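K.L.:
Here it is, the structure, as structure tokens.
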Amino acid sequence: MCEAHISLNAPEFSLEFREEFAALLRWRRDVRHFKTDAVDPSLLDDLLRQAMLAPSVGFCQPWRWVKVNDAGRRAAIVENFTAANLAAGARYEGEKAEQYWRLKLAGLVEAPVHLAVFADLDPAEGGGLGRQTMPETSRWSVVMAIHGLWLAAQAVGLGLGWVSILDASAVQTTLDVPGDWTLIAYLCMGWPAEPSDLPLLEREGWQERVAGAGLILER
Ligand SMILES: Cc1cc2nc3c(=O)[nH]c(=O)nc-3n(C[C@H](O)[C@H](O)[C@H](O)COP(=O)(O)O)c2cc1C
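So for the sequence shown, the numbering used here puts the first residue at 70; every next one is plus one.
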């Protein structure tokens, strides 16, 4: 045990902080409309350090982050999205199809930061603890880190958009990453062009927030 880090002086979070934290959760948005202004690389590194404080099964820390800076690789991702989105949209008909084509489902072209997030499915760290019955928990650990990144980014006014309409194996090839990594998310990050406290899909009439009975059961 590392006694040097056991302290009776753990911070107490004030009511004001808790209210602000609730506001942060309310205002965290998936952002697809970005200004093209740059993001300071040291700010991005600071946000990634915060994200990596996330919980992980067996403390295996399976997150692997790829900053996609190369213009050619970014262009390949845009092409990948365009093809995947055409295929996804073709599954809708009538009014729903019209609505789908009006949606902006990625900010890949404008976003100053592209970040691909992978899970190392069998990392040495953690000695396999907790993963033997539910191996998918290493993927979930990466999702936890992404949510932390999302909140930390929002706290400094940076927007993050999750792009999943992609051929994941082609992303793997485009980014030339180890074969035992699996893509969890492709993220766009930048300064939001139109901050809102409502999800874009709600504003566009695609899906309302679900509330009420049925979401939480008592047994
Ligand atoms: C796993 C995951 C995948 C997502 N993929 C996409 C995507 O490909 N394109 C997109 O526009 N939004 C994507 N989103 C964002 C959701 O549409 C968004 O979270 C939801 O509409 C609620 O809006 P909010 O995040 O602003 O609260 C994704 C979100 C998650 C958690």
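Even glycine gets a Cβ: it sits at the ideal position worked out from N, Cα and C. For clarity, every value in this text was computed on a predicted model and none was experimentally measured.
For residue 104 and residue 177, what's the separation of their Cα atoms in angstroms?
P.N.:
In a straight line, the C-alpha of residue 104 is about 12 Å away from that of residue 177.
K.L.:
For my contact list, residue 199 and residue 127 are in at a C-beta cut-off of 8 Å; report their separation, rounded to the angstrom.
P.N.:
Yes, residue 199 and residue 127 are in contact; Cβ-Cβ is about 4 Å, under 8 Å.
K.L.:
From the DSSP output, in three-state form, read off residue 203 for me.
P.N.:
Coil, per DSSP.
K.L.:
When a residue counts only if its C-beta is closer than 5 Å to some heavy atom of ligand 1, which residues count, in chain order?
P.N.:
Spelled out in chain order, the answer is 98, 99, 174, 231, 232, 233, 234, 268 and 270.
K.L.:
Per DSSP, residue 99 is paired with what?
P.N.:
Paired residue(s): 229.
K.L.:
Spatial neighbours of residue 115 within its chain, please: C-beta separation below 7 Å, excluding the five flanking residues on both sides.
P.N.:
Around residue 115: no qualifying Cβ.
K.L.:
Taking residue 290 as the reference, which of 224, 256, 110 and 122 has the closest Cα?
P.N.:
Nothing in the structure corresponds to residue 290, since the chain is present only between 70 and 288.
K.L.:
I'd like the span of the alpha helix (DSSP H) that includes residue 144, first residue to last.
P.N.:
Residues 140-158.
K.L.:
Looking at the unbroken alpha helix (DSSP H) that takes in residue 134, where does it start and where does it end?
P.N.:
It is not in any alpha helix (DSSP H) - residue 134 instead sits in the beta strand (DSSP E) that spans 132-136.
K.L.:
Measure from the alpha carbon of residue 268 to the alpha carbon of each residue in 173, 76 and 89, then state which is nearest.
P.N.:
Among 173, 76 and 89, the Cα nearest to that of residue 268 is on 173.
K.L.:
Can you tell which of 96, 136, 194 and 192 has the C-alpha that lies nearest to the C-alpha of residue 265?
P.N.:
When each option's Cα is compared against that of residue 265, the closest is 96.
K.L.:
Say whether the segment 106-124 touches the segment 203-223, bearing in mind that this needs 3 or more beta-carbon pairs closer than 8 Å, one atom from each stretch.
P.N.:
The answer is yes - the segment 203-223 touches the segment 106-124, with three or more Cβ pairs under 8 Å.
K.L.:
Tell me which residue opens and which closes the beta strand (DSSP E) that residue 182 is part of.
P.N.:
Residues 182-189.
K.L.:
Assign residue 92 to buried or exposed, taking buried as 16 or more other Cβ atoms, counted over all protein chains shown, within 10 Å of its Cβ.
P.N.:
Exposed, because fewer than 16 other Cβ atoms sit within 10 Å of the Cβ of residue 92.
K.L.:
Quick one: what's residue 243 bridged to in DSSP?
P.N.:
Per DSSP, none; premise fails for residue 243.
K.L.:
Does the distance from the CB of residue 229 to the CB of residue 240 come in under 9 Å?
P.N.:
For residue 229 and residue 240, no; Cβs fall outside 9 Å.
K.L.:
By a C-beta neighbour count over all protein chains shown, 10 Å radius and 16 as the cutoff for buried, is residue 203 buried or exposed?
P.N.:
With fewer than 16 other Cβ atoms within 10 Å, it is exposed.
K.L.:
Can you tell me which of the three DSSP states residue 93 falls into?
P.N.:
Here residue 93 sits in helix by DSSP.
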